[in-house]
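Note sheet for the following structure.
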Amino acid sequence: MPLSDCKYGRNTQTDHSYILHSLPMAENYGKTPVKTLFDFKHTNLPDTLDVKWVSLLTLTNLRSISKVKVVSFLMGLTLMFLIMASYILTWDKKGLFFTPSPDQFRPVVIPTNTTAAEAPSEKNLIDMKLLVKIISSKLEYKPRKVPDIKDVTETDSHLFSVIPHHFLPGIKSPCWYEEFSTELGTDLYRRNLFTLRSKSFKTVCDRLRTNFHQHLHHKDGKLFRLRCLPFFYIIGQPKCGTTDLFHRLLLHPEIKFNTMKEPHWWTRKRFGYIRFKDGFQESFPVEDYLDLFDLAAHNIQEEIRGNSSGVHRALQLITGEASASTMWDNQAWSYLHGDMEETEPPFLAQDFIHTVQPGAKIIIMLRDPVERLYSDYLYFKMANKSAEDFHQKVVESVQLFQSCLSERSLRSCAYNTTLSNTMPVRLNLGMYIVFLLDWLTVFHREQILVLRLEDYAANLKVTIKKVFDFLGVGPLSEHVESALTKRPMSNTRRAADRNLGPMFPATRDLLRKFHQPLNCKLASVLDKKTFLWSNT
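Take the sequence shown: its position 336, counted from the start at 1, is 351 in the working numbering, and no numbers get skipped.
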């Protein structure tokens with residue numbers, strides 16, 4: 016599909032009739048009805064009600080004997096009351112338009128049999144033409160207002176007191192000297208919270224601890240340790256190949272001294288959350304996060320001291336991390352500031368990263384959002400997986416998102432924590448353009464490299480070279496290049512999940528229509544029609 020065929024932002028003529036899901040509500044999603052935008056043919060009561068009402072009144076007027084007339088009239092009123100009561104009691108099941116509170120959403124259960132999923136009837140379809148029109152109309156919005164640096168720094172004064180405004184010249188990674196206090200003792204990694212949750216990082220710390228004091232810098236009778244932030248961030252998305260890319264990058268001699276792929280510090284751990292469903296646990300201080308890059312810092316310091324051979328190669332060492340939540344996950348704000356009236360997060364992860372490190376390099380890995388969602392479902396759901404179950408969850412999620420759009424902006428729905436927690440599949444993570452536009456409000460376009468998993472899988476060598484050129488690292492030797500290309504793929508689909516087969520064609524078609532206007536906008540912003548995913 017050429018970019019000229021994309022109709023986002025344009026209102027095309029569509030059929031406005033909605034389609035009713037007259038099915039029971041899921042019990043575990045609360046008790047408040049939700050505005051679902053399904054058909055009542057523009058009326059809330061069946062036509063037969065008025066007919067019955069008129070018939071009863073006509074019948075009473077035919078009576079000539081007063082006593083019989085009174086009895087008949089009372090019987091008529093009783094019958095009319097019973098009929099009205101029966102309709103009132105069934106209104107909830109027919110999905111009348113009640114207005115929910117802005118943060119409450121509730122799905123509609125759909126048929127779970129295979130036949131209904133493969134060949135949907137009119138009673139279990141969603142009016143995708145209308146939904147696509149709504150999404151397209153809401154895609155054209157003003158860029159978010161970027162918060163002032165002063166407001167950003169005031170939210171976490173300790174973070175900005177630890178990281179300086181300027182980094183050491185002549186070193187590629189963003190590094191600086193921090194005065195080292197002997198009060199920390201010899202076991203300074205003992206209290207690092209990352210060591211409690213990562214055996215591999217604990218092993219690294221055990222090795223660093225043995226010769227830590229040899230890597231201290233002496234100046235004016237004081238001791239200093241070299242501290243570094245990541246030079247690059249692979250920020251997303253989940254199930255788009257970020258794990259495989261990160262581990263292949265570690266084979267490069269200038270990138271190899273990185274220790275943890277996904278610390279999730281900027282989005283979760285610094286706020287005290289590991290999994291939001293487990294609630295607040297303990298905040299990981301910025302010092303613990305900086306420890307993750309001490310292995311690279313020690314090697315850079317060793318070169319600075321002149322203890323290694325070579326022509327300042329260690330000064331070109333770069334640090335990096337690949338938390339796939341960084342691009343999209345800003346849920347912590349809703350947990351920490353639930354009393355705030357804003358419908359969108361006032362601060363995003365990129366506001367903090369850009370404030371401390373405006374020159375950071377950002378890498379984004381994407382894939383067809385339809386396939387991404389199915390892969391996400393198979394990977395994170397542990398039991399009772401099936402194409403049929405996936406279809407049901409997709410329909411529920413699309414309905415919930417449509418309900419949100421009736422109350423809020425597209426961007427607000429993409430970030431809404433209540434909606435995200437209620438949707439049975441993570442539909443919003445495939446709305447790449449919403450998140451990318453927010454990153455472009457603080458970082459320049461040339462600082463962000465956007466890749467497709469499909470290109471990465473089809474031509475690994477070309478895509479990896481593109482990443483190396485973006486990071487400005489030297490060429491690989493033939494031996495390292497051979498090892499990099501022959502390395503088995505990481506984090507691939509489990510055998511049991513492969514045996515489940517593909518999603519239903521009906522599911523794929525529904526998701527394609529949902530994402531079409533979003534993909535069109537993405538392809539337009541990136542000026543690459545391959546991001547339409549029209550041929551996958």
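Glycine included, every Cβ here is placed at the ideal spot set by N, Cα and C.
- For M518, no alpha helix (DSSP H) run applies, since DSSP gives it neither H nor E.
- Linking R502 to R222 through their CA atoms gives a straight-line distance of about 26 Å.
- As the crow flies, the alpha-carbon of I186 is around 27 Å from that of S215.
- Under DSSP, G287 forms no beta bridge with any residue.
- A direct Cα-Cα distance of roughly 36 Å separates D309 from N436.
- Taking all protein chains shown into account, M90 has fewer than 16 neighbouring C-beta atoms within 10 Å of its C-beta and is therefore exposed.
- Annotated three-state conformation of H232 is strand, per DSSP.
- When Cβ pairs closer than 8 Å are counted between the two stretches, the stretch 244-251 is seen to touch the stretch 370-383, the count reaching three or more.
- Ranked by Cα distance from Y192, the options G335, L332, Q316 are led by Q316.
- Annotation: V371 to H530 spans about 34 Å, alpha carbon to alpha carbon.
- In the three-state DSSP reduction, V161 falls in the coil class, being neither helix nor strand.
- CA-to-CA, the gap between I270 and H369 works out to about 22 Å.
- Note on geometry: alpha-carbon atoms of W348 and F362 lie some 8 Å from one another.
- Around F261, the same chain offers I249, K276, A337 as residues with beta carbons nearer than 7 Å, after the five sequence neighbours per side are excluded.
- The beta-carbon distance between F182 and W281, rounded to whole angstroms, is 18 Å. This is too long to meet the 8 Å contact definition.
- Take the alpha-carbon of Q229 and the one of I289: they are about 34 Å apart.
- If you look at C243, you'll find it in the beta strand (DSSP E) that goes 237-243.
- Note: L381 is bridge-paired with R467 in the DSSP secondary-structure output.
- The residues K376, I378, L464, in chain order, have a CB closer than 8 Å to that of F485 in the same chain once the five nearest residues on each side in sequence are set aside.
- For E193, the pairing in a beta bridge is given by DSSP as R240.
- Restricting attention to L351, S401, A429, I319, the CA atom closest to the CA of K153 is found in A429.
- The alpha-carbon of L515 is positioned some 20 Å away from that of S505.
- R426 and V147 have their C-alpha atoms spaced approximately 15 Å apart.
- Residues of the same chain with a CB within less than 8 Å of the CB of M143, apart from the 5 flanking positions on each side, are L525, K528, F529 in chain order.
- Shown here for K543: not one same chain residue has a beta carbon closer than 7 Å to its own, the five before and five after excluded.
- Assigned with DSSP and collapsed to three states, F88 falls in helix.
- The C-alpha of Q331 lies about 7 Å from the C-alpha of S188.
- With a threshold of 16 other beta carbon atoms within 10 Å, S172 falls short and is exposed.
- The C-beta distance from V482 to L265 rounds to 12 Å, too long to fall under 8 Å, and the pair is not in contact.
- By the neighbour-count criterion, in which 16 or more other beta carbons inside 10 Å mark a residue as buried, K292 falls on the exposed side.
- I448 carries a helical assignment under DSSP once its states are collapsed to helix, strand and coil.
- For V440 and S412, the gap between their C-alpha atoms comes out near 7 Å.
- Apart from the 5 residues on each side of it in sequence, D259 sits with its Cβ closer than 6 Å to the Cβ of M504, S505 in its chain, given in chain order.
- Assigned with DSSP and collapsed to three states, F247 falls in strand.
- Per DSSP, L420 is one residue of the alpha helix (DSSP H) stretching across 402-420.
- Taking C-alpha positions only, A364 is separated from M446 by approximately 17 Å.
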